[in-house]
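Undergrad: Quick one: the structure is below, questions incoming.
Residue numbers (the numbering used here): 34 to 139.
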């Protein structure tokens, strides 16, 4: 993330993503390389959640032979898809805080 945002791979650092999108959403959407940027944020979200809840990265080709879906599987939680989470954050379907509360009880 950019200067002024705390990213240390803790669950609390995911709340900085809400702050970042609130303050910088227009800049993200205007960037030519926003696809790479969105993928990077997705990877960060996924890795933080994976580490906290002992998940494992999964690569699925079930949807389409040309499309790979990257998810994280857990023993005690449903599989999550970090790229989808990020896109839904951008669409303001929920905040990161709401997502974590609804899906992981924090």
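Beta carbons are placed, not taken as given, at the ideal position from N, Cα and C, and that holds for glycine.
Is the stretch 75-88 close to the stretch 53-66, with three or more CB pairs under 8 angstroms?
TA: no
Undergrad: What does residue 102 pair with, by DSSP beta-bridge criteria?
TA: 93
Undergrad: Would you report the Cα separation of residue 65 and residue 71, rounded to the nearest angstrom?
TA: 11 angstroms
Undergrad: How would you label residue 139, buried or exposed, when you count the other beta carbons within 10 angstroms and need 16 or more for buried?
TA: Flag for residue 139 reads exposed.
Undergrad: So residue 43 and residue 78 are supposed to be a Cβ contact under 8 angstroms. How far apart are they, rounded?
TA: At roughly 12 angstroms, the Cβ-Cβ gap does not stay under 8 angstroms, so residue 43 and residue 78 are not in contact.
Undergrad: So for residue 71, helix, strand or coil by DSSP?
TA: helix
Undergrad: DSSP three-state call for residue 139: helix, strand or coil?
TA: Three-state result, residue 139: coil.
Undergrad: Between 113, 109, 74 and 108, which lies nearest to residue 92 when the distance is taken from Cα to Cα?
TA: 113
Undergrad: Can you find a CB in chain D that lies within less than 8 angstroms of the CB of residue 40?
TA: Judged by its chain identifiers, the structure shown contains no chain D, having just a single protein chain.
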